[in-house]
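**Student:**
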Amino acid sequence: MKKIFKITALAHPNLAFIKYWGKKDEGLNLPANTSISVNLSNLYTITTIEFSEIFSSDQIKINQEENQKEILRVVKYLDLIRKKAGINWKAKVVSQNNFPKAAGFASSASGFAALTLAATQALGLNLSEKELTILARLGSGSACRSIPDGFVEWKKGEESEDSYAYSIFPANYWKLSIFALFLKTSEKKVSSSEGHRLASTSPFFKTRIKKIDKKIILLKKFIKERNFVNFGNLIENEALEMHAIMFTSRPSLIYWDEKTIKLIKFVYELRMKKFPVYFTIDAGPNPYLICEEKNEKNLLKELKKINSIKNIIINYPNSGAKIIKKDLF
Ligand code: PMV
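Residue numbers (my numbering): 12 to 340.
Pasting the structure below:
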């Protein structure tokens with residue numbers, strides 16, 4: 012029998028246009044609502060995994076660190092995959108992001124998507140895309156949206172087997188430029204897992220959930236029509252709604268800082284000057300600005316005027332997780 016199975020996968024973080032905030036089942040990462048996202052071309056995680064019967068324990072390195080909390084989470088997830096494959100070999104895992112983790116840039120999404128693909132392939136599990144998304148979801152909820160291509164919908168589902176993600180439009184359907192703005196890159200103090208737990212304590216959470224399916228239908232329509240203004244207004248309002256849930260949770264959760272608010276105001280000013288640009292923000296202080304590709308250069312020129320921005324990475328809608336040839340070890 013062959014003794015070594017080594018595979019490398021690459022996955023992009025995804026940016027949610029309709030957010031996943033609140034879980035129906037914490038153990039299974041079943042979300043309170045359906046969400047929609049897009050994969051980001053220039054942010055990525057690469058993960059190499061090697062299983063061998065000669066390893067006596069799992070060795071896991073994420074961004075050159077050995078953080079015990081993260082390691083435990085990964086080992087638990089690998090146990091699930093090993094059980095599925097009926098193999099109990101230990102693994103060596105090296106994972107590297109090209110962006111700061113845990114600063115609201117969905118590092119767990121790309122991380123668990125890449126790990127899911129690499130580990131299942133290395134163990135010879137031949138899973139369909141749908142099955143991969145269900146498995147990735149168990150690692151980190153939003154990771155399921157980093158498996159399929161382009162614009163992706165994650166159906167909330169009623170139980171584990173019907174809570175999966177699939178592509179609703181290919182990456183090249185709409186030429187959007189998505190600016191990831193790095194204002195603050197330190198790790199956040201409250202993880203999104205803790206945040207999800209708080210969501211239902213907001214008095215506005217029930218109303219959000221009641222109305223969200225209509226929003227999903229509208230967003231898909233605006234993407235289909237490539238109606239940028241309606242799309243932009245909807246996603247910006249959605250981001251503010253999610254943060255309003257955070258602000259009004261008990262205890263409240265505020266991921267923004269002064270620089271975030273400055274950026275929001277700057278976007279409003281640009282729109283007053285008839286520049287079509289909108290923002291969205293995940294669980295962190297760093298906003299994403301979105302414009303159509305034809306306006307990208309002008310937006311970049313405007314952003315160069317703001318000195319609180321440490322770095323800008325421009326992204327386009329991109330493919331999902333894939334196997335690559337370049338191993339990290
Ligand atoms: O997958 P998690 O637990 O990191 O949750 C992600 C939550 C948000 O990024 C804030 C929203 C989303 O839909 O990605």
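Backbone N, C-alpha and C define an ideal beta-carbon position, used for all residues, glycine too.
Just so we're clear, the structure is a prediction, and the values are computed from it rather than from any experiment.
At what residues does the beta strand (DSSP E) containing Gln107 begin and finish?
**Tutor:** It spans Lys101 to Asn108 - the beta strand (DSSP E) in which Gln107 sits, taken as one unbroken run.
**Student:** Excluding the 5 residues flanking Ile92 on each side, which residues of the same chain have their C-beta closer than 8 Å to its C-beta?
**Tutor:** The answer, listed in chain order, is Thr127, Ala130, Thr131, Leu134, Leu136 and Leu146.
**Student:** Taking the Cβ atom as the reference point for each residue, do Ser178 and Lys167 lie within a distance shorter than 8 Å?
**Tutor:** No; because the gap between Cβ atoms is not below 8 Å, this pair is not in contact.
**Student:** Could you check whether the Cβ of His254 sits closer than 7 Å to any heavy atom belonging to the ligand PMV?
**Tutor:** Not so, every heavy atom of the ligand PMV lies at least 7 Å from the Cβ.
**Student:** Report back the beta-carbon spacing between Asp268 and Lys321 to the nearest angstrom; my notes put them in contact at under 8 Å.
**Tutor:** No, Asp268 and Lys321 are not in contact; Cβ-Cβ is about 13 Å, not under 8 Å.
**Student:** If I measure Cβ to Cβ from Lys141 and keep anything under 6 Å in the same chain, skipping five residues before and after, which residues do I get?
**Tutor:** Answer for Lys141: Tyr175, listed in chain order.
**Student:** DSSP three-state call for Lys235: helix, strand or coil?
**Tutor:** Note: Lys235 maps to helix in three-state DSSP.
**Student:** Any idea which residues DSSP pairs Leu49 with across the strands?
**Tutor:** According to the sequence provided, residue 49 is Val. The question's Leu does not apply to it. In the DSSP output, where bridge partners are listed per residue, Val49 has Leu26 and Phe162.
**Student:** When the Cα atoms are used, what is the spatial distance from Ile246 to Glu303?
**Tutor:** Answer to the nearest angstrom: the Cα atoms are 14 Å apart.
**Student:** DSSP on Glu140, reduced to helix/strand/coil?
**Tutor:** Helix at Glu140.
**Student:** Leaving out five residues before and five after Pro181 in sequence, what residues of the same chain have Cβ atoms less than 7 Å from its Cβ?
**Tutor:** Closer than 7 Å at Cβ, skipping near neighbours: Asp160 and Gly161.
**Student:** Using alpha carbons as the reference points, say which of Thr144, Phe16 and Ile301 lies closest to Ile98.
**Tutor:** Considering only alpha carbons, the answer is Phe16.
**Student:** What number of angstroms, rounded off, separates the C-alpha of Gln79 from the C-alpha of Tyr279?
**Tutor:** In a straight line, the C-alpha of Gln79 is about 42 Å away from that of Tyr279.
**Student:** Output the distance between the C-alpha atoms of Met12 and Lys103, rounded to the nearest integer angstrom.
**Tutor:** Confidence is the limiting factor: at Met12 the pLDDT is only 49, short of 50, which leaves the residue's position unreliable, though a coordinate-based value still follows. Using only the alpha carbons, I get a separation of about 19 Å.
**Student:** Comparing C-alpha positions only, which one of Leu264, Asn309, Lys225 and Ala22 sits nearest to Leu209?
**Tutor:** The residue with the shortest Cα to Cα distance from Leu209 is Leu264.
**Student:** Quick check: what's the CA-CA separation for Ile292 versus Ala250?
**Tutor:** Taking the straight line from one Cα to the other gives about 6 Å.
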